[in-house]
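Working notes for the structure below.
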Amino acid sequence: MLSWMLFGVVWWLIATAHGDIDYYHKIKDNQENDFAEDFTVCVNEVRSFSSALLYSIETQQTIGYGFRYITEECPEAIFVQCLQCIMGVFIQAFMVGIVFAKLSRPKKRAQTLLFSRHAVICHRDGVPCLMFRVGDMRKSHIIEAHIRAQIIRKKITKEKEEIPFYQQELKIGADGGEDRLMFIWPTTIVHKIDEFSPLYQLSARDMLKERFEIVVMLEGVIESTGMTTQARSSYLPCEILWGHRFQHVVSFKNETGEYEVDYTLFNNTYEVDTPLCSAKQLDEIRDLMADRDERVASSGAMLNYVPSVVSMDSISTESGVLHMNTTPM
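Under mature numbering (1 follows the signal peptide of the UniProt record, and there is no 0), residues -19 to -1, 1 to 310 are what the sequence shown spells out, in order.
Structure, rendered in structure tokens:
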């Protein structure tokens, strides 16, 4: 609209300077119009600023000329008309580019992807697991969603070289263990802490003094635009809750027969019984227990017949090796 007004003023100034406005006023006052054939206007039927503005709109938007059209009388008018046509093309292309960029930019879409405030460590199917939760606030889905995680920490090599920001991939996945998600409801992402995990030797006590950061990246394709979006978050050791599990956020409503997601519970966790020892120590204890049971079964002796292997008292008195959060019955 500013360009319409600007060129409208230019056309009005051209008509005023050439005498077109006075000419049409004289025609209005003198109906005989004795001098009409002796004068040629720059732009036909530009009688006032309003008609100059209308001619500017018709020129720039290529609406098509009616009674108002340019003549050969004024070279400056021909130049202004060419300039306005070129400016109109540039302005329209610029505006289309802005609108397209705003609609297709995935930055705002990434802000609707949620990561839980904390990560948790607990057992799932008898295996220690690091878990965090991801969710999507929009009704439109993220397709081909996949997730990655890396732990960044200092490492000292065998040659005593210090790598301050050593990156190591964490194997993570959803329920099936794959990094690709069917991302239609909040999903808990799981990293199994096994012998291949960087967290294998960390206990709850070690977690308090370790310095590392787990960076997680969620990528996918926006369903409506086909653009790729990425959201990132990270977890420090102080943001990992040992012996906690996420509260369920999906519930079934009998009244409507639908499943409902309560995002107010998205970050909620609750305590569960979890050993405070590292996964490595837990595997060693299980191996000792299995070895003891095997020896007892083979010899037919009582449980305390093999004190040289391990005893339950010695296990429980290890400083935080196998401490459980017990709930009184």
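Don't be surprised by glycine CBs; every beta carbon is placed ideally from N, CA and C.
Source: prediction; values computed, not measured.
Residue interval of the alpha helix (DSSP H) (run including residue i)
i, result
"Lys139", "Looking at the DSSP string, Lys139 is not in any alpha helix (DSSP H), and its letter there is neither H nor E."
"Gly(-12)", "Leu(-18) to His(-2)"
"Glu26", "Counting along the chain, Glu26 falls outside any alpha helix (DSSP H), and DSSP gives it neither H nor E."
"Glu265", "Ala260 to Ser280"
Per-residue burial, residue i [other beta carbons within 10 Å of its own, 16 or more giving buried]
i, result
"Gly(-12)", "buried"
"Asp272", "exposed"
"Asp1", "buried"
"Ile216", "One detail in the question is off: residue 216 reads as Tyr in this sequence, not Ile. It is buried - the Cβ of Tyr216 has at least 16 other Cβ atoms within 10 Å."
"Ala33", "buried"
"Pro288", "Below a pLDDT of 50, predicted positions are generally treated as unreliable, and Pro288, at 44, falls in that range; no measurement from the model is reported."
"Met283", "Only weak support exists for where Met283 lies, its pLDDT of 47 falling under 50; the coordinates are left without a value."
"Gly224", "buried"
"Lys173", "buried"
"Cys219", "exposed"
"Arg226", "buried"
"Ile79", "exposed"
"Thr245", "exposed"
"Glu13", "A caution first: Glu13 carries a pLDDT of 47, below 50, which makes its placement in the model too unreliable to give a value."
"Thr237", "exposed"
"His(-2)", "buried"
"Thr21", "exposed"
"Ser279", "exposed"
"Ala74", "exposed"
"Tyr36", "buried"
"Phe60", "exposed"
"Leu111", "buried"
"Thr52", "exposed"
"residue 314", "Nothing can be reported for residue 314, as the shown portion of the chain is limited to -19 through 310."
"Ala212", "buried"
"Asp268", "exposed"
"Val70", "exposed"
"Tyr286", "In this prediction, Tyr286 has a pLDDT of 43, which is less than 50 and means its spatial position is unreliable; what the coordinates show is noted afterwards. Exposed is the call here."
"Leu(-14)", "exposed"
"Pro109", "buried"
"Ile221", "buried"
"Ala82", "exposed"
Range of the contiguous beta strand (DSSP E) that encloses residue i
i, result
"Phe227", "His225 to Phe227"
"Thr250", "Thr250 to Glu252"
DSSP beta-bridge partners of residue i
i, result
"Glu239", "Lys234"
"Ala212", "Leu199"
"Ile123", "Ile203"
"Ile133", "Gln148 and Glu194"
"Met112", "Val101 and Val171"
"Asp117", "Leu94"
"Ile128", "Leu199"
"Leu222", "Val101"
Beta carbon proximity, residue i to chain C, threshold 9 Å
i, result
"Ile133", "No chain C is present in this structure, which holds just one protein chain."
What are the complete beta strand (DSSP E) segments, minimum 3 residues, inside the stretch 33 to 109? As for any beta strand (DSSP E) of minimum length 3 sitting wholly inside the stretch 33 to 109, the runs are 94 to 96 and 100 to 105, ordered along the chain.
Ranges of the beta strand (DSSP E) found wholly within the stretch 145 to 210, counting only runs of at least 3: Counting only runs that start and end inside the stretch 145 to 210, the beta strand (DSSP E) elements of at least 3 residues fall at 168 to 173 and 193 to 203.
Do the stretch 127 to 137 and the stretch 194 to 213 touch if we need at least three Cβ pairs shorter than 8 Å? By the C-beta criterion, the stretch 127 to 137 is judged to be in contact with the stretch 194 to 213, since at least 3 inter-stretch pairs fall below 8 Å.
Count Cβ pairs between the stretch 200 to 217 and the stretch 117 to 126 that sit closer than 8 Å; are there 3 or more? The count of Cβ pairs closer than 8 Å, one atom from the stretch 200 to 217 and one from the stretch 117 to 126, reaches three, so the stretches are in contact.
Taking one C-beta from the stretch 113 to 120 and one from the stretch 133 to 150 each time, how about it: are there three or more such pairs within less than 8 Å? Taking a contact to require three or more Cβ pairs closer than 8 Å, the stretch 113 to 120 and the stretch 133 to 150 do not qualify as touching.
Should the stretch 175 to 190 be called in touch with the stretch 247 to 265, which here means at least 3 C-beta pairs below 8 Å? Taking 8 Å as the limit for Cβ pairs, the verdict is that the stretch 247 to 265 does touch the stretch 175 to 190.
Contact the stretch 33 to 45 vs the stretch 65 to 76: 3+ CB pairs below 8 Å: At 8 Å Cβ cutoff, the stretches touch.
Would you say the stretch 153 to 169 touches the stretch 230 to 250, given that touching needs at least three Cβ pairs under 8 Å? For the pair of segments examined, the stretch 153 to 169 was found to touch the stretch 230 to 250: the number of CB pairs separated by less than 8 Å reaches three.
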